[in-house]
Amino acid sequence: MARIPNRSATYEEVRIYIAQTLISKYNAGHDFAEDTARSWRLGRGSELYDAKLEYFQEVFGMDTGLCLFQSVCEDRDNAWKQSVIGVICFWMTIVSAALLFWFHILPLLRGQTGSPSQLLLFGLTRAIYAYLSPRRDDYMLVSGLFSACIALVAATRG
Numbered sequence: 001m002a003r004i005p006n007r008s009a010t011y012e013e014v015r016i017y018i019a020q021t022l023i024s025k026y027n028a029g030h031d032f033a034e035d036t037a038r039s040w041r042l043g044r045g046s047e048l049y050d051a052k053l054e055y056f057q058e059v060f061g062m063d064t065g066l067c068l069f070q071s072v073c074e075d076r077d078n079a080w081k082q083s084v085i086g087v088i089c090f091w092m093t094i095v096s097a098a099l100l101f102w103f104h105i106l107p108l109l110r111g112q113t114g115s116p117s118q119l120l121l122f123g124l125t126r127a128i129y130a131y132l133s134p135r136r137d138d139y140m141l142v143s144g145l146f147s148a149c150i151a152l153v154a155a156t157r158g
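Once you know that position 10 of the sequence shown is 10 in the UniProt record's numbering, the rest is easy, because the numbers rise by one and skip nothing.
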């Protein structure tokens with residue numbers, strides 16, 4: 001399995017990644033993979049991370065460009081999820097959801113008023129995770145901001 005190069009990788013490291021991706025994920029032949037990888041003439045890892053689908057299709061062709069683009073997105077997302085900030089954001093979202101349930105939802109079920117601080121924490125951690133993630137999950141970002149807004153309104157009324 002090919003590991004996506006870091007943002008400071010040289011164009012040669014990017015070529016190696018492209019060839020390994022074609023061979024390991026798409027069972028492409030070695031010669032085809034090497035020829036296709038040579039199409040990446042210049043550009044470091046940062047250009048690989050930031051390239052759009054149209055660029056991949058222009059450089060590698062419609063089919064191969066689409067496949068490589070999807071693989072780069074998957075590998076980039078997986079690399080971020082395994083990074084320190086990705087792990088911290090993930091666990092902060094889990095912890096804040098548990099705190100939200102324990103200190104806000106359970107008291108509401110018992111007829112008590114819960115503190116909106118856990119809802120605010122949950123909303124903010126959800127929004128931060130969505131914003132920092134390379135995928136930029138709009139649903140998660142909007143729901144996090146919405147939860148934070150509800151918490152702020154509840155805090156001003158309570």
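Just so it is clear, CB atoms sit at the ideal spot from N, CA and C, and this is done for glycine as well. Being a predicted model, the structure only gives us computed values, none of them experimental.
Please check the pair residue i and residue j, which I expect to be a contact at CB under 8 Å, by giving their CB distance rounded to whole angstroms.
| i | j | result |
| --- | --- | --- |
| Leu141 | Ala127 | 6 Å |
| Ala79 | Ile4 | 5 Å |
| Leu99 | Leu120 | In fact, because the Cβ distance is near 11 Å, the residues do not count as touching under 8 Å. |
| Ser8 | Gly45 | 6 Å |
| Leu68 | Thr21 | 7 Å |
So the alpha helix (DSSP H) residue i belongs to, where does it begin and stop?
| i | result |
| --- | --- |
| His30 | 30 to 37 |
| Phe146 | 138 to 157 |
| Asn78 | 62 to 82 |
| Lys25 | 11 to 26 |
| Leu42 | It is not in any alpha helix (DSSP H) - Leu42 carries neither H nor E in the DSSP assignment. |
| Ser117 | 117 to 132 |
Restricting to Cα atoms, I'd like to know which of the options is closest to residue i.
| i | options | result |
| --- | --- | --- |
| Ala2 | Gly86, Ile94, Arg76, Ser147 | Arg76 |
| Gly86 | Cys67, Leu42, Gln118, Tyr131 | Tyr131 |
| Tyr49 | Leu152, Arg157, Pro134, Ala155 | Pro134 |
| Glu47 | Cys89, Ser143, Ala151, Asn6 | Asn6 |
| Pro116 | Ile150, Ala97, Ser83 | Ile150 |
| Cys89 | Thr156, Trp102, Tyr129, Ser71 | Tyr129 |
| Lys25 | Arg110, Gln70, Arg136 | Gln70 |
Rounded to whole angstroms, what is the Cα-Cα separation between residue i and residue j?
| i | j | result |
| --- | --- | --- |
| Tyr11 | Leu124 | 38 Å |
| Leu42 | Lys52 | 16 Å |
| Ser138 | Gln118 | Note that residue 138 is Asp in the sequence shown here, rather than Ser. Going by the C-alpha atoms only, they are around 22 Å apart. |
| Trp91 | Asn27 | 36 Å |
| Cys73 | Ala37 | 17 Å |
| Val14 | Ser147 | 40 Å |
| Leu93 | Leu152 | Residue 93 is actually Thr in this sequence, not Leu. One C-alpha to the other measures close to 18 Å. |
| Ala19 | Tyr55 | 17 Å |
| Gln57 | Gly144 | 34 Å |
| Ser83 | Gly61 | 32 Å |
| Glu34 | Thr64 | 13 Å |
| Ala155 | Phe101 | 17 Å |
| Tyr17 | Lys81 | 19 Å |
| Phe103 | Arg157 | 18 Å |
| Phe32 | Trp40 | 14 Å |
| His30 | Val59 | 19 Å |
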